[in-house]
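Chemist: I'd like to ask you about the structure that follows.
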Amino acid sequence: MSVKTSRVPLVATLAAVAGALTLLAVLNPLRQPDGADLGPQSSGARFVETEVGAGDRPEVSATPSSMSPTPPAGTLPGAADALPGATRTDALPPVVDHGPRRGNKVALTFDADMTDAMRRQLRGGAGTSYANLKIIDRLERDGVPATFFLTGMWVEQYPDVTRRLAANPRFELANHTYGHHAFTADCYGLPRIAPRKMTADVARTFDLVSAYGGRQTRYFRFPGLCHDRAALTALAPLGLTVVDGDVVSGDPFATAWQPIVRAVLDQVRPGSVIVLHVTEANAPMTDEALPHILAGLAERGLEPALLSEVLATG
């Protein structure tokens, strides 16, 4: 995979739902981490990979079990025994916007958000769902590959749906934190996680997801795409790859499917990573947009593929 030095501009606007800001997912510009040492300009995905000094490492009271399969320092992604996205643990995690701009593959990625507020709503008997089964039905019926970024709370709330995702060889499972907290200040009103808890939060989610088997990865996405050097440093011991995305659909809180389709098809290119949501109650139009997105990709000669395939260097 190649390297670039600039972040992509904002590609979708935040829905005007002030009271629901704590439920928002990825809708922000892809900002360069503060102080990151970026590599030379090139034409593919952007990496941030800087040596981590002893003083930069977070305090972890116990080694999470999910860290055991992490490759040792110096191990490169793509080794036969490494999960997709597995990286060195002695450097800041690479941050990826998209794959190589050749070929015709694009990645459909779906965030499965779950916050404390959303869980309280469900436990209070609200007649709603944050698992859009119509999306999964469509992907399965059409044999479309997709990658799901799961929060740990979502996995706990929907174990049967998680089992269904894991059982499908066309689906990959990735990490979207445990409770969708912000890892930086001022991230769309999301409650902020304490820096000392960041490592354990993400490790816990890898543990929860890995228990379901299937196509596991070491891919990770920050809520709101909000991250800085401190957040990246906290996750360095986990040996993961941070995946942002270059096509943000704007599907949370959309009231019509057409703007979602336009946002995707106007921006998509070979190697694109498309950000969508599988949380029905706060992304209610995504299932209606999906068939039109799939048709538009086909008209452009673009083919959905697993994220690991889109990001592959070969």
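Numbering-wise (the working numbering), the sequence shown opens with residue 1372 and increments by one. Glycine included, C-beta positions come from ideal geometry on N, C-alpha and C. Since the structure is predicted, the reported quantities are computational estimates derived from the model, not experimental observations.
List the DSSP bridge partners of His1648.
Modeler: DSSP, once it has assigned bridges, lists Asp1482 as partnering His1648.
Chemist: Going by C-alpha distance, which of Val1618, Val1580 and Gly1496 is nearest Thr1480?
Modeler: That would be Val1618, whose Cα lies nearest to the Cα of Thr1480.
Chemist: Quick check: Thr1522 and Ala1483, are their CB atoms within less than 9 Å of each other?
Modeler: The answer is yes: Cβ separation under 9 Å.
Chemist: Measure the C-alpha to C-alpha separation of Ala1565 and Glu1543 and round it to an integer number of angstroms.
Modeler: Ala1565 and Glu1543: Cα-Cα distance of roughly 29 Å.
Chemist: Note down the Cα distance separating His1551 from Asp1487, rounded to an integer number of angstroms.
Modeler: So the two alpha carbons sit approximately 9 Å from each other.
Chemist: Give me, in chain order, the residues of the same chain whose beta-carbon lies closer than 7 Å to that of Pro1464; leave out the 5 immediate sequence neighbours on both sides.
Modeler: So the list reads Thr1458, Leu1603, Leu1606, Ala1607, Leu1611, Thr1612 and Val1613, once near-sequence residues are dropped.
Chemist: Under the three-state reduction of DSSP, which class applies to Leu1677: helix, strand or coil?
Modeler: Residue state, collapsed to three classes: coil.
Chemist: What residue range is occupied by the uninterrupted alpha helix (DSSP H) comprising Thr1612?
Modeler: Where Thr1612 is concerned, there is no enclosing alpha helix (DSSP H), although the beta strand (DSSP E) it sits in stretches over Thr1612 to Val1614.
Chemist: Taking the alpha-carbon positions, what's the Leu1665 to Thr1650 distance?
Modeler: The alpha-carbon atoms of Leu1665 and Thr1650 are separated by roughly 19 Å.
Chemist: If we call anything under 9 Å between Cβ atoms a contact, is Phe1591 one with Ala1545?
Modeler: Yes. Within cutoff.
Chemist: Per DSSP, Glu1543 forms a beta bridge with which residues?
Modeler: The partner list for Glu1543 (beta bridge, DSSP) reads Thr1518 and Arg1586.
Chemist: Cα-Cα, which of Leu1510, Glu1511, Arg1535 and Tyr1501 is closest to Met1524?
Modeler: Measuring from the Cα of Met1524, the nearest candidate turns out to be Tyr1501.
Chemist: Would you please state the rounded distance, in angstroms, between the beta carbons of Pro1675 and Val1515? I believe it to be under 8 Å.
Modeler: Contact holds; Cβ gap of about 5 Å.
Chemist: By the three-class DSSP mapping on this structure, what secondary structure does Phe1591 have?
Modeler: The answer is strand: DSSP assigns Phe1591 an E or B state.
Chemist: Select from Leu1682, Ile1507, Ala1625 and Ala1669 the residue whose C-alpha is nearest the C-alpha of Ala1654.
Modeler: Closest option to Ala1654, Cα to Cα, is Ala1625.
Chemist: Can you tell me whether Thr1499 is buried or exposed? The criterion is at least 16 other CB atoms within 10 Å of its CB, across all chains shown.
Modeler: Under this definition Thr1499 is an exposed residue.
Chemist: Between Ser1581 and Leu1536, what straight-line distance do the alpha-carbon atoms span, to the nearest angstrom?
Modeler: Taking the straight line joining both Cα atoms gives about 12 Å.
Chemist: What does a CB cutoff of less than 8 Å around Val1534 pick up in its chain, not counting 5 residues either side in sequence?
Modeler: Looking at the sequence itself, residue 1534 is Arg, so the reference to Val does not match. Answer for Arg1534: Tyr1583, listed in chain order.
Chemist: Give me the residue from Phe1577, Ala1574, Thr1576 and Thr1548 with the minimum Cα distance to Arg1563.
Modeler: Ranking Phe1577, Ala1574, Thr1576 and Thr1548 by Cα distance to Arg1563 puts Thr1548 first.
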